[in-house]
Amino acid sequence: MSFFYQGNLLLAAMIFALGAFGVLWKQNAIAVFLCLELMLNACNLAFVTLAQAQGHPDGFAIFIFVVTVAAAEAGIGLALFIKVFHEREHIDADRMIMLRD
Amino acid sequence: MPDAPLALPLPEDFRPLGPAGLVLATALALLVIELIRPGRAGPASRGVAAFGLTLAWGTLLYGVGAPGETPRLILYGCLRWDGVVFLGQNVILGLALFFILISPSYLEGRALPPAEYYALMTLAAAAMMLLAASHELLTLFLNLEFVAICFYVLAGLERDNLRSTEAAFKYFLTGAYASAFLLFGISMVYGALGTTRLSEIHAHLEAGALPGLLRHGFFLGAGLSLMLVGFGFKLTLAPFHMYAPDVYAGAPTTVVGFLATGSKVATLAALLNLFRPLVAWADLPDGFVVAIGLLTVASIVVGNVGAVVQTHVKRLLAYSGVAHGGYVLIPLWAAAREPAHWVAAERAVTYYVLAYGLMTALAFGVAATLGPQGESHLDRYAGLARRSPALAAALALALLSLTGVPPTVGFVGKFYLFSVAVDAELYALACFGVLASVASAYYYLKVIVKMYMEEAPAVRAEPVALEGGNAVALILCSAGVLAFALFPMMIVL
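Line order of the protein sequences matches chains A and B.
All residue numbers for the first sequence refer to our numbering, where the first residue is 4 and numbers rise by one.
All residue numbers for the second sequence refer to our numbering, where the first residue is 34 and numbers rise by one.
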């Protein structure tokens, strides 16, 4: 199977880097979570590309499971953000300083 | 991939999974109980949880029994059953029971929903047991996420406590970040080796050939380093430890105790499974070995320096955990540099898994038993020896063990860790570890001095009796801290 898998992998790496930067840069928890999802989906792209390019179906199975885990994490995370918002009226990661030393 | 039709797993494959399955069933039963009697399930929950965990532990010790000499791979090579996994699962079950026994007194007067709490702790225990046995990268990732998600919820479970919610918030965001790095690392390893089963990876690396698409050694090295980021987070290794002091301070103490002990035990067992094929690789990239070394040294330095200035009990224990993560990595670094010492390194780390679990659980157990006066400022520990002598003694034992004073399990554990370094002729590393342990005596003994030699604090401090489940748990744990030091041969690997 010959397709330009290097392009896909490079794209995955770039999206991952973008997401990684965004997690550190963004203030709002929802935006941070969006960047986290970007990172996970970049990994998914890498898995599927490698599975197709290597002719090895394991990557497709991994993709399904990772999507499921991402969905579960989304459920937990958003419920947590709702709880935080109820308590503080904001979900800015930069303003969570109650536990600082 | 086999071209033949997929064979079903053999029934005997499921025997080692029996105990984990029982714990899982207990967790589900607890959720069902809460469904049937919403809001009134508290007392029944802790009974069911304790019973289920004890049953699972009995099944593990007597029904399944210790594994034989040769390790077994079960479920298409996704899980491994050997002496390390057996010990790890025993330790995890012991820790789970310990914290379940400590919980009832801790939950009184706190707005923690009991049924969900016990269900999640039990679920986390099942996940840890599976994590310890993971021998394939996707299984590893799934189990790590399983444990992590249980703890994201547990950390924030306390209602009307802003610190608990904030702890869960920080833990969730940083945890998901680290998992994404782990996953990307796994994808690069998959690309380099064409498989995610560690047994096949071992075979490929021993032969020295990288059969995947990303054949250049750089990709495998980079993938492994990214995986190390994920593991570093879970084991609170510097510089990925930053979440730990905040999360440990904010989340409920029993939850933190189980997180600090059980999840690290399981992650260390998984890390051993991961390192086994790596040390068989003749061309392990120097960059990767240097990365491990940096993690080791940074954790020891940051953990000890950070703990020195702490005045908050749980933060102190968090930094102590960072330092101990560094110590545990010493034999692994030695094995990465000198692969001939892998067997000794594996034994040392496995023993330390037990040692660290026991002594840290004891410390957190005392803090949880003391309730509000035990989980914040260290000044409230002043004069504890007069108010609650049994608890002070237990905590003193835990702290002496963490320092590495004989005849405790902490001393024997560190002895094994450093002797691997000495055998591999890494004398500077061993000296560094020993000196760091000596330096750590400052902040551990500071607490003991406070308990035994200072007057009671100005704030009214009630004596806390040691009774009921707490007594059983703390006494057994203290006995373990001493017994496994005097008779390490009880652990036959």
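All C-beta atoms, glycine included, are put in the ideal place defined by N, C-alpha and C.
- Residue pairing by DSSP places B:H410 opposite B:H345 in a beta bridge.
- For A:D97, the three-state secondary structure derived from DSSP is helix.
- Short of 8 Å from the beta carbon of B:V81, and not among the five residues preceding or following it, lie these beta carbons of its own chain, in chain order: T59, A62, L63, I66 and Y151.
- The segment 66 to 78 of chain A and the segment 40 to 53 of chain A touch, with three or more beta-carbon pairs separated by less than 8 Å.
- Membership of B:L86 in any beta strand (DSSP E) is not indicated; the residue belongs instead to the alpha helix (DSSP H) covering G75 to G91.
- As DSSP reads the structure, B:S167 sits in a beta bridge with B:L112.
- Taken through DSSP and simplified to helix, strand or coil, B:L246 comes out as coil.
- Counting along the chain, A:R91 sits inside the alpha helix (DSSP H) bounded by residues D61 to R91.
- Judged by pairs of C-beta atoms under 8 Å, the segment 196 to 211 of chain B touches the segment 281 to 296 of chain B, as three or more such pairs exist.
- Taking the Cα positions, B:A277 is about 17 Å away from B:A299.
- For a Cβ distance threshold of 7 Å, residue set A75, E76 and I79 of chain A lies close to B:I182, ordered along the chain.
- Only those residues of the segment 153 to 186 of chain B whose C-beta falls short of 7 Å from the nearest C-beta of chain A are listed: L171, L175, E178, I182, Y185 and V186.
- Between the C-alpha atoms of B:P364 and B:L305 there is a straight-line separation of about 11 Å.
- For A:M17, no CB of chain B lies under 7 Å from its own CB, so it is not counted at the interface with that chain.
- One Cα belongs to A:V87, the other to B:L195, and the distance between them is close to 8 Å.
- Here A:L13 is exposed: its Cβ has fewer than 16 other Cβ atoms, across all protein chains shown, within 10 Å.
- In the DSSP assignment, B:L106 falls outside any alpha helix (DSSP H) and lies within the beta strand (DSSP E) extending over R105 to I107.
- In chain order, G256, L259 and M260 place their CB closer than 6 Å to the CB of B:G218, counting only its own chain and leaving out the 5 sequence neighbours on each side.
- At a cut-off of 7 Å between beta carbons, B:Y477 makes no contact with chain A.
- Look at the beta carbons and you see the segment 455 to 475 of chain B not touching the segment 494 to 505 of chain B: under three pairs across the two are nearer than 8 Å.
- Inter-residue distance for B:A516 and A:Y8 is about 57 Å (C-alpha atoms, whole angstroms).
- DSSP places A:N31 within a strand segment (E or B) once states are collapsed to three.
- Taken through DSSP and simplified to helix, strand or coil, B:R420 comes out as helix.
- A:W28 sits exposed, since fewer than 16 C-beta atoms from the chains shown fall within 10 Å of its C-beta.
- Interface flag for A:L37 against chain B is unset, since no Cβ pair is found closer than 7 Å.
- Chain-ordered, the chain A residues with CB closer than 9 Å to the CB of B:K203 read A96, M99 and L102.
- What B:T198 touches in chain A, judged by beta-carbon distance under 7 Å, is K86, V87 and E90, going in chain order.
- Taking each of B:A454, B:G245, B:L231 and B:M154 in turn and checking the Cα distance to B:R370, the smallest one comes out for B:A454.
- Those residues of the segment 350 to 375 of chain B placed with their C-beta closer than 7 Å to a C-beta in chain A do not exist.
- Among the CB atoms of chain A, none fall inside 7 Å of the CB of B:F273.
- At a cut-off of 7 Å between beta-carbon atoms, B:L195 makes contact with chain A.
- Inter-residue distance for B:I125 and A:G10 is about 44 Å (C-alpha atoms, whole angstroms).
- Listed as beta-bridge partners of B:R230 by DSSP are B:E169.
- Here the alpha carbon of B:L243 sits roughly 17 Å from the alpha carbon of A:D61.
- Within chain B, no residue has its CB atom less than 9 Å from the CB of A:I33, the nearest being about 11 Å off.
- Short of 8 Å from the beta carbon of A:V35, and not among the five residues preceding or following it, lie these beta carbons of its own chain, in chain order: G25, V26, K29 and A96.
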